[in-house]
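S.K.:
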Amino acid sequence: DTAVSQTPKYLVTQMGNDKSIKCEQNLGHDTMYWYKQDSKKFLKIMFSYNNKELIINETVPNRFSPKSPDKAHLNLHINSLELGDSAVYFCASSQDGLGYTFGSGTRLTVV
Amino acid sequence: QKEVEQDPGPLSVPEGAIVSLNCTYSNSAFQYFMWYRQYSRKGPELLMYTYSSGNKEDGRFTAQVDKSSKYISLFIRDSQPSDSATYLCAMSGSNFGNEKLTFGTGTRLTIIP
Numbered sequence: 150d151t152a153v154s155q156t157p158k159y160l161v162t163q164m165g166n167d168k169s170i171k172c173e174q175n176l177g178h179d180t181m182y183w184y185k186q187d188s189k190k191f192l193k194i195m196f197s198y199n200n201k202e203l204i205i206n207e208t209v210p211n212r213f214s215p216k217s218p219d220k221a222h223l224n225l226h227i228n229s230l231e232l233g234d235s236a237v238y239f240c241a242s243s244q245d246g247l248g249y250t251f252g253s254g255t256r257l258t259v260v
Numbered sequence: 284q285k286e287v288e289q290d291p292g293p294l295s296v297p298e299g300a301i302v303s304l305n306c307t308y309s310n311s312a313f314q315y316f317m318w319y320r321q322y323s324r325k326g327p328e329l330l331m332y333t334y335s336s337g338n339k340e341d342g343r344f345t346a347q348v349d350k351s352s353k354y355i356s357l358f359i360r361d362s363q364p365s366d367s368a369t370y371l372c373a374m375s376g377s378n379f380g381n382e383k384l385t386f387g388t389g390t391r392l393t394i395i396p
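Residue numbers (my numbering), protein chains in the order written: chain V, 150 to 260; chain U, 284 to 396.
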């Protein structure tokens with residue numbers, strides 16, 4: 150019974166396309182996050198939502214738009230994909246802001 | 284300069300050895316310190332966290348925080364091949380959900396049987 154599930158696991162797409170990544174958590178956590186992990190394994194926060202409300206919005210291009218229909222779901226839509234968007238995107242959830250539970254990641258490759 | 288610095292390794296040690304992993308940081312507002320383990324093609328998983336300075340032990344793992352030196356460590360005793368993974372330190376100024384975790388770049392560890 151997966152705690153934080155992301156779909157799809159792999160995404161290969163051409164430059165200029167629009168794509169979405171979905172995330173769901175069944176832990177009852179109030180806060181959800183999107184992190185980007187680059188090729189050097191550096192994890193950087195993009196967004197966080199607390200009970201459907203946007204809390205953290207780091208310096209991320211406007212092409213990235215998160216949406217949280219309810220506190221168990223946080224989706225990420227990316228417009229006009231660029232080569233530099235290639236990375237692994239992790240969704241996570243937390244109740245206490247410290248012990249994150251991460252999903253297994255979505256490996257995005259833009260060609 | 285990054286807020287959190289971590290030697291990326293790779294670090295290879297023989298099975299049974301004691302492993303020492305470290306991070307330094309520059310932001311004195313950090314109060315909570317965490318270690319995550321990430322296996323290949325998986326998401327990071329929380330190993331342990333500590334608040335402020337001091338030591339915390341959990342089985343074969345010991346976390347140490349020295350806020351005066353802005354230095355944290357994770358020790359793994361009796362290392363096993365299953366400990367082979369990337370270890371990421373992470374820090375936060377509070378335990379509120381509206382505060383982000385700042386991660387180190389991770390150290391890739393291999394335990395040689």
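A virtual CB, placed ideally from N, CA and C, is assigned to each residue, including glycine.
1) So what's GLY246 of chain V in DSSP terms, helix, strand or just coil?
2) Quick one: using the 10 Å Cβ neighbour count with 16 as the cut-off for buried, is GLN289 of chain U buried or exposed?
3) Between the segment 359-367 of chain U and the segment 186-197 of chain V, do three or more beta carbon pairs fall short of 8 Å?
4) Can you pull out the residues from the segment 190-203 of chain V whose beta carbon lies closer than 8 Å to at least one beta carbon of chain U?
5) Considering only C-alpha positions, which residue in the set V:GLN244, V:ASN175, V:PHE239 and V:PRO215 is nearest to ARG256 of chain V?
6) What does a CB cutoff of less than 7 Å around LYS201 of chain V pick up in its chain, not counting 5 residues either side in sequence?
7) At the 8 Å Cβ level, is GLY376 of chain U part of the contact set with chain V, yes or no?
8) Exposed or buried, what is LYS285 of chain U when buried is set at 16 or more other beta-carbons lying within 10 Å of its beta-carbon?
9) Mind pulling the chain U residues with CB within less than 7 Å of LEU247 of chain V?
10) Report the neighbours of PRO327 of chain U on chain V: residues whose CB is nearer than 8 Å to its CB, in chain order.
11) For VAL415 of chain U, which residues of its own chain have a beta-carbon under 8 Å away from its beta-carbon, when the five flanking residues on both sides are left out?
12) Anything in the segment 352-366 of chain U with a Cβ closer than 8 Å to a Cβ of chain V? List those residues in chain order, please.
13) Output the boundary residues of the beta strand (DSSP E) element that contains GLY337 of chain U.
14) Just the C-alpha distance for GLN314 of chain U and GLY337 of chain U, rounded to the nearest angstrom, thanks.
15) Within a Cβ cutoff of 7 Å, which residues of the same chain sit near SER235 of chain V, ignoring the five residues on either side of it in sequence?
16) If we ignore side chains and look at the alpha-carbon of each, how far apart do GLU173 of chain V and LEU304 of chain U end up?
17) Starting from THR333 of chain U and walking both ways along the beta strand (DSSP E), at which residues does that stretch end?
18) What did DSSP end up calling ASP290 of chain U once you bin it into helix, strand or coil?
19) Classify MET181 of chain V: buried if its beta carbon has 16 or more other beta carbons within 10 angstroms, exposed otherwise.
20) Near GLU382 of chain U, which residues of its chain fall below 8 Å by C-beta distance, leaving aside the five closest residues on each side in sequence?
21) If I measure Cβ to Cβ from ILE332 of chain U and keep anything under 7 Å in the same chain, skipping five residues before and after, which residues do I get?
22) Tell me, to the nearest whole angstrom, how far the beta carbon of TYR354 of chain U is from that of THR307 of chain U; I am working on the premise that it is less than 8 Å.
M.R.: In short, the structure shows the following:
1) On the first sequence, position 97 is the one that residue 246 of chain V refers to. DSSP places GLY246 of chain V in coil when its eight states are reduced to three.
2) Residue numbering aside, residue 289 of chain U sits at position 6 when the second sequence is read from its first letter. Classified as buried, GLN289 of chain U has 16 or more neighbouring CB atoms from the shown chains inside 10 Å of its CB.
3) No contact exists between the segment 359-367 of chain U and the segment 186-197 of chain V.
4) LYS190, PHE191, LEU192, LYS193, ILE194, SER197 and ASN199
5) Within the first sequence, the letter at position 107 stands for residue 256 of chain V. Nearest in C-alpha terms to ARG256 of chain V, of all of V:GLN244, V:ASN175, V:PHE239 and V:PRO215, is V:PHE239.
6) Residue 201 of chain V sits at position 52 when you count from the first residue of the first sequence. Cβ neighbours of LYS201 of chain V beyond the five flanking positions: SER217, ASP219 and LYS220.
7) As a working note, residue 376 of chain U is residue 93 in the second sequence. GLY376 of chain U does not count as touching chain V.
8) On the second sequence, residue 285 of chain U is found 2 positions in, with the first residue counted as 1. Per the 10 Å Cβ criterion, exposed.
9) Here residue 247 of chain V refers to the residue found at position 98 of the first sequence. Neighbours of LEU247 of chain V on chain U, chain order: TYR315, MET317, TYR332, SER375 and ASN378.
10) Position 44 of the second sequence, counted from the start, is the residue given in the question as residue 327 of chain U. Neighbourhood of PRO327 of chain U in chain V, by CB distance below 8 Å: LEU192, PHE239, TYR249 and PHE251, in chain order.
11) One cannot answer for residue 415 of chain U here, as it falls past the ends of chain U, which runs 284 to 396.
12) none
13) For the purposes of this step, residue 337 of chain U is identified with residue 54 of the second sequence, where counting begins at 1. 337-341 is the extent of the beta strand (DSSP E) around GLY337 of chain U.
14) Position 31 of the second sequence, counted from the first residue, corresponds to residue 314 of chain U. Position 54 of the second sequence, counted from the first residue, corresponds to residue 337 of chain U. Cα to Cα, GLN314 of chain U sits roughly 12 Å from GLY337 of chain U.
15) To locate residue 235 of chain V, count along the first sequence from 1; it is residue 86. Contacts found: LEU257, THR258 and VAL259.
16) As a first step, residue 173 of chain V must be located in the first sequence, where it is residue number 24. As a first step, residue 304 of chain U must be located in the second sequence, where it is residue number 21. So the two alpha carbons sit approximately 33 Å from each other.
17) For the purposes of this step, residue 333 of chain U is taken as the residue at position 50 of the second sequence. Segment 328-334, the beta strand (DSSP E) holding THR333 of chain U.
18) As a position in the second sequence, residue 290 of chain U is number 7, starting the count at 1. DSSP places ASP290 of chain U in coil when its eight states are reduced to three.
19) Within the first sequence, the letter at position 32 stands for residue 181 of chain V. So MET181 of chain V counts as buried.
20) Taking the second sequence and counting its residues from 1, one reaches residue 382 of chain U at position 99. Closer than 8 Å at Cβ, skipping near neighbours: SER375 and GLY376.
21) Numbered from 1 along the second sequence, position 49 holds the residue referred to as residue 332 of chain U. Reading the sequence as shown, one finds Tyr at residue 332 of chain U and not Ile. Here the set comprises TYR315, PHE316 and MET317.
22) Stepping through the second sequence from its first residue, residue 354 of chain U is reached at position 71. Stepping through the second sequence from its first residue, residue 307 of chain U is reached at position 24. At roughly 5 Å, the Cβ-Cβ gap stays under 8 Å, so TYR354 of chain U and THR307 of chain U are in contact.
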